[in-house]
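Down below is the structure, laid out as C-alpha cells.
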Amino acid sequence: MPKRSSWGSIERYKPGVYQIRYPLPPDPDTGKRRQGFETLHGTKAEATARLAQLRMLHDQRQASSRMTVSMLWETRYLQHIQRLAKSTVRGYVSAYNAHIAPAFGAWDLERLSKRDVQEWLDGMSYGAAKSCFAVLRAMYSFAEDEELTDNGVMRKRYSMPDAKKPARKVNTAVHTEEELRSILQAAKGEPWEGAYILSAFGGMRRSEAFGVRWEDVEFLEGGCAIVRVRRGVQLLGGEVQIVPTKTERSERDVAIPSPYADRLHRLFLESLGDTYVCDDGHGGPANPERMSDAYRRWHMSRPFPYVPWKNLRNSYATMLHARGVDLADVARLLGHTTPVITYQHYDRPSAEQLASIVGILGEKK
Numbered sequence: 036m037p038k039r040s041s042w043g044s045i046e047r048y049k050p051g052v053y054q055i056r057y058p059l060p061p062d063p064d065t066g067k068r069r070q071g072f073e074t075l076h077g078t079k080a081e082a083t084a085r086l087a088q089l090r091m092l093h094d095q096r097q098a099s100s101r102m103t104v105s106m107l108w109e110t111r112y113l114q115h116i117q118r119l120a121k122s123t124v125r126g127y128v129s130a131y132n133a134h135i136a137p138a139f140g141a142w143d144l145e146r147l148s149k150r151d152v153q154e155w156l157d158g159m160s161y162g163a164a165k166s167c168f169a170v171l172r173a174m175y176s177f178a179e180d181e182e183l184t185d186n187g188v189m190r191k192r193y194s195m196p197d198a199k200k201p202a203r204k205v206n207t208a209v210h211t212e213e214e215l216r217s218i219l220q221a222a223k224g225e226p227w228e229g230a231y232i233l234s235a236f237g238g239m240r241r242s243e244a245f246g247v248r249w250e251d252v253e254f255l256e257g258g259c260a261i262v263r264v265r266r267g268v269q270l271l272g273g274e275v276q277i278v279p280t281k282t283e284r285s286e287r288d289v290a291i292p293s294p295y296a297d298r299l300h301r302l303f304l305e306s307l308g309d310t311y312v313c314d315d316g317h318g319g320p321a322n323p324e325r326m327s328d329a330y331r332r333w334h335m336s337r338p339f340p341y342v343p344w345k346n347l348r349n350s351y352a353t354m355l356h357a358r359g360v361d362l363a364d365v366a367r368l369l370g371h372t373t374p375v376i377t378y379q380h381y382d383r384p385s386a387e388q389l390a391s392i393v394g395i396l397g398e399k400k
C-alpha cells in the first residue's frame, strides 16, 4: 500500500524504486482533477524529500495563480523581450495593447481555457489572429519556464480564421497634366505644396519627396530645377525617420520643368532657412502621413477629384508617356530597372490616348 501524506503519496515498487504521486491543477477545459507521477530510484528518505520539494513547488504555483496576464506582461515579460530587435518589440507591444490586454489582461494565468482562446481568435482577422496568438503563446511559454503557471493552454491546437478575404479595391485613378496644374494653382501656401510639386511633376515617391532638402535642389537658368534623390522619410513606430531610397537605382537626379520649377524656386526664397522642402519648423522633415491626410482633407472642399498621393507618381508617368516620351526614358526618370515595371504599374493611358492608338491602327489598314 502506498504511504499517504497530507499531500501526495509514495508507493514502493521494489527495493530502491518508489513512485511518487501528487495532485496537479484541474484541467483548464474540463475542470477535472489531475494527478502527476514520478519514479525515483533511491531510498525512502529521498522519495520523501522529493515529495516535499514537489509540495513546495505546488504551493508556489498556487500563489502565482493569482498573477494576471497584465501582471505577467508588465512585471516580467516586457523586460524579457527587450533583448529582441526594436521592430519585433514594437510588434509585440502593438499586438498586446490592441488585442491581448483588452481580452485577457485582468485574467489569472490559470483561468484561460482553450475555448476562451479559440473564441478570441475567431473574432479577429487572419493576420491579427496569427500575430497575437504567437505573442500570447510566447508569454505563456515564458511563464511556464519561470514556473509561474502549469496552464498549458497555449500548447493546444487552434484553428485560425479564414485567410481568404475580398480583395481591397485599389484606387488606380490618375490626374491629367491640366488637373495637376490646376491643383498646384489652388494649393498655394499649403504645407505639402513643395512635396506635391516633387511628386506630381518629378515623379518622386512620397517618401522621397518629403526627404528632399533644399541643398539637394539646383535651379538652372531657363527655369528648370535638378533635384537629387538621396533619401526617404517614413513614419516608423510613431516617429518620423530618415530611410534609404527603395533601391540603388532610386538614387537619381530628377528634372522639374518650368513653370513648376519656378514655383519651387519661390518656395525656396520663402523658406527662411528651412532644411527640408517640407520642413517641420525645427529643421527636420515633415510627417508624410500627416501631410497626406491634410492633402486628402483639402480635396474634400475643392472641385478636384481625389487621387491618392501615391498615384501622383502614376500621373507623372502617364503624363510623360502622353507627351511622347519613350517608356524606357520614363522608367529611368522613375528610377526603375526596367520599362516593364513602368508599363505594368504606372502607365495609365487615357481614353483619348487609346482612341488615338485605335485611330492610327485604322489609318494603317
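If you read the sequence shown in this note's numbering, its first letter stands for residue 36, the second for the next number, and so on. Where a beta carbon is used, it is the ideal one built from N, C-alpha and C, also for glycine. Predicted, not measured: the structure shown is a model, and the values here were computed from it.
According to DSSP, residue pairing for glycine 71 in a beta bridge involves Tyr57. For serine 176, the uninterrupted alpha helix (DSSP H) segment begins and ends at 161 to 180. For aspartate 297, the three-state secondary structure derived from DSSP is helix.
Glycine 267 and aspartate 251 have their C-alpha atoms spaced approximately 13 Å apart.
Taken through DSSP and simplified to helix, strand or coil, threonine 353 comes out as helix.
Look at glycine 158 here: in three-state DSSP terms it is coil, with no helix or strand label.
Arginine 331 is classed as exposed because its beta carbon has fewer than 16 other beta carbons within 10 Å across all chains shown.
Here DSSP, grouped into helix, strand and coil, assigns tyrosine 112 to helix. Comparing C-alpha distances from alanine 169 to each of Leu183, Glu212 and Val152 shows the shortest one belongs to Val152. Sequence-distant partners of lysine 165 (beyond 5 residues in either direction) whose C-beta falls short of 7 Å from its own C-beta, in its chain, are Met195. In this structure, tyrosine 175 sits near methionine 189, with a CB-CB distance shorter than 7 Å. Scanning Lys345, Pro137 and Gly359 for the CA closest to the CA of alanine 230 turns up Lys345. For leucine 107, the enclosing alpha helix (DSSP H) begins and ends at 104 to 107. In this structure, the CA atom of tyrosine 161 is about 26 Å from the CA atom of glutamate 145. The bridge partners DSSP lists for phenylalanine 254 are Ala260. The straight-line gap separating the alpha-carbon atoms of glutamate 212 and valine 275 is approximately 31 Å. Taking C-alpha positions only, leucine 299 is separated from valine 209 by approximately 22 Å. Lysine 223 carries a coil assignment under DSSP once its states are collapsed to helix, strand and coil. With a beta-carbon spacing of about 19 Å, alanine 321 and isoleucine 291 fall beyond the 8 Å limit used to define contacts.
Pairing arginine 241 with proline 343 gives a Cβ-Cβ distance that is not under 7 Å.
Distance from the CA atom of arginine 348 to the CA atom of leucine 113, rounded to whole angstroms, is 42 Å. Selection Val104, Pro58 and Glu73 evaluated against glutamate 46 yields Glu73 as nearest (Cα-Cα). Closest option to leucine 219, judged by alpha-carbon separation, among Phe236, Thr207 and Asn206: Phe236. In the three-state reduction of the DSSP assignment, proline 320 falls in the strand class. For tyrosine 53, the number of other beta carbons within 10 angstroms of its own is at least 16, and it is reported as buried. By the criterion of a C-beta distance shorter than 6 Å, alanine 244 is surrounded in its chain by Ala230, Leu233 and Ser234, once the five residues flanking it on both sides are discounted.
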